[in-house]
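Trainee: Numbering (this note's numbering), first residue to last: 506 to 816.
Take a look at the following structure, please.
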């Protein structure tokens, strides 16, 4: 009996089965990333003992002024908080930016830039920036709640005795429900200086010097500007700067952006929701590149920045 045809059929069936499993896995990952996309606010900490949730400590009960916001979008991740420490050189909060990917029930984050006290994570007390190392987080996504578990994803635990703590996050609702051209993740490429509303100089922004990343999604924003490539520890610029807030459209290509709290720098500015804002105008060259101009209270353009979409 010739068994070769049967062997070939088995091999073909195995290859097709693997291909279908891979497609199903990729589809699940894409679906999870889509559900994760958006802004999240940390609302508490879950205490686990022997793998069982025993208590939830809510931030509003311990420190009602504390805020930490995180955003995920198309493989990009950033967070910012408003922890203010008057004993440190930087007085505002901290923030980070990096990339993420999903493998099964683990989010793998690779942080590359930071502001405020979070810069210490990238330098670990040394003079040189360390190579970015992926960090694993076990997670559970349940509608508008997200639990984040660093310990279980990065080291073996004695489930019989070990106590563990999980971050608890809640999705922030969309403010603008209608998609817009400005939705996405953007990186600064050029800066344009103006005199009497006329552009007079264009400055390229080197990635290894100043790294400016800006998330805008559905009426909320986070930006992080890492200046460590063009400054030294001890200098004010070293701490960079970032911010979180909301924006509303005043016309198709103009928004009013309201900053609420900030990272890096020597100031401890905190604003109530939608109390302090500035006008930003956009001129799109194409879907992936735009010029953002800032105007003063007299309507004069004094600064322009060119941003490219991060994909």
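Here a beta-carbon is modelled for each residue, glycine too, at the ideal position from N, C-alpha and C.
As an exercise, report each continuous beta strand (DSSP E) stretch of at least 3 residues that is fully enclosed by the segment 734-807, in chain order.
Mentor: Taking only runs of at least 3 residues, the beta strand (DSSP E) segments lying wholly in the segment 734-807 are 746-756, 759-768, 782-791 and 794-800.
Trainee: Verify whether the separation of the beta carbon atoms of residue 723 and residue 679 is less than 8 Å.
Mentor: Counted from its first residue, the chain shown places residue 723 at position 218. Counted from its first residue, the chain shown places residue 679 at position 174. A contact, by the Cβ cut-off of 8 Å.
Trainee: With a threshold of 16 other CB atoms inside 10 Å of the CB of residue 804, please say whether the residue is buried or exposed.
Mentor: Indexing the chain shown from 1 puts residue 804 at position 299. So residue 804 counts as exposed.
Trainee: Determine contact between the segment 676-692 and the segment 706-721, defined as no fewer than three beta-carbon pairs at a distance below 8 Å.
Mentor: Yes, the segment 676-692 touches the segment 706-721.
Trainee: With a CB to CB cut of under 7 Å and the five nearest residues on each side skipped, what residues in its chain are close to residue 606?
Mentor: Residue mapping note: residue 606 aligns to position 101 of the chain shown, counting from 1. Excluding residues within five positions, the ones whose Cβ falls inside 7 Å are 580 and 613.
Trainee: Output needed for residue 587: all residues of its chain with C-beta closer than 6 Å, excluding positions within five of it in sequence on either side, in chain order.
Mentor: In the chain shown, the residue the question calls residue 587 occupies position 82. Excluding residues within five positions, the ones whose Cβ falls inside 6 Å are 572, 598 and 766.
Trainee: In angstroms with no decimal places, state the Cα-to-Cα distance between residue 569 and residue 674.
Mentor: Numbered from its first residue, the chain shown carries residue 569 at position 64. Numbered from its first residue, the chain shown carries residue 674 at position 169. C-alpha separation (whole angstroms): 15 Å.
Trainee: On the DSSP bridge list, what partners appear for residue 819?
Mentor: In the structure as shown, the chain begins at 506 and stops at 816. Residue 819 is therefore absent and cannot be evaluated.
Trainee: For residue 575, which three-state DSSP category applies?
Mentor: If you number the chain shown from 1, residue 575 lands on position 70. In the structure shown, residue 575 sits in a strand (DSSP, three-state: E or B).
Trainee: Which same chain residues, not among the five before or five after residue 626, have their C-beta less than 8 Å away from its C-beta?
Mentor: Against the chain shown, residue 626 aligns to sequence position 121. 601, 616 and 619.
Trainee: In the DSSP assignment, what residue or residues form a beta bridge with residue 586?
Mentor: Counting from 1 along the chain shown, the entry for residue 586 is found at position 81. Answer is 573, bridged to residue 586.
Trainee: Quick one: Cα of residue 700 to Cα of residue 746, how far?
Mentor: By one-based count along the chain shown, residue 700 stands at place 195. By one-based count along the chain shown, residue 746 stands at place 241. Taking the straight line from one Cα to the other gives about 25 Å.
Trainee: Please name the residue, chosen from 733, 753 and 697, that lies closest to residue 811 on a Cα-to-Cα basis.
Mentor: Mapped onto the chain shown, residue 811 falls at position 306. For the residues 733, 753 and 697, the minimum Cα distance to residue 811 belongs to 697.
Trainee: Residue 751: buried (16+ other C-beta within 10 angstroms of its C-beta) or exposed?
Mentor: Residue mapping note: residue 751 aligns to position 246 of the chain shown, counting from 1. So residue 751 ends up on the buried side.
Trainee: What are the boundary residues of the beta strand (DSSP E) that includes residue 603?
Mentor: Locating residue 603 in the chain shown gives position 98, where the first residue counts as 1. Note, residue 603: beta strand (DSSP E), 600-608.
Trainee: Between 801, 758 and 749, which has its C-alpha nearest residue 777's C-alpha?
Mentor: The sequence position of residue 777 within the chain shown is 272, counting from 1. Nearest of 801, 758 and 749 to residue 777, Cα basis: 749.
Trainee: Roughly how many angstroms lie between the CA atoms of residue 609 and residue 653, to the nearest whole one?
Mentor: What you label residue 609 is simply residue 104 of the chain shown in a count that begins at 1. What you label residue 653 is simply residue 148 of the chain shown in a count that begins at 1. Looking at the two C-alpha atoms, the distance is approximately 14 Å.
Trainee: For the candidate residues 649, 726, 807 and 739, whose alpha-carbon lies nearest to that of residue 582?
Mentor: The sequence position of residue 582 within the chain shown is 77, counting from 1. When each option's Cα is compared against that of residue 582, the closest is 726.
Trainee: Looking only at DSSP bridge pairs, what is residue 538 linked to?
Mentor: Along the chain shown, one-based indexing puts residue 538 at 33. None, per the DSSP bridge assignment.
Trainee: Nearest-angstrom Cα distance between residue 798 and residue 738?
Mentor: One-based indexing of the chain shown puts residue 798 at position 293. One-based indexing of the chain shown puts residue 738 at position 233. Approximately 31 Å between the Cα atoms of the pair.
Trainee: My understanding is that residue 542 touches residue 577, with C-beta atoms under 8 Å, so please give their C-beta distance in whole angstroms.
Mentor: Against the chain shown, residue 542 aligns to sequence position 37. Against the chain shown, residue 577 aligns to sequence position 72. Yes, they are in contact, since the Cβ atoms of residue 542 and residue 577 sit about 6 Å apart, within 8 Å.
Trainee: Contact defined as beta carbons within less than 8 Å: I believe residue 779 pairs with residue 790. What is the distance between those atoms, to the nearest angstrom?
Mentor: In the chain shown, counting from the first residue as 1, residue 779 sits at position 274. In the chain shown, counting from the first residue as 1, residue 790 sits at position 285. About 30 Å; that fails the 8 Å criterion.
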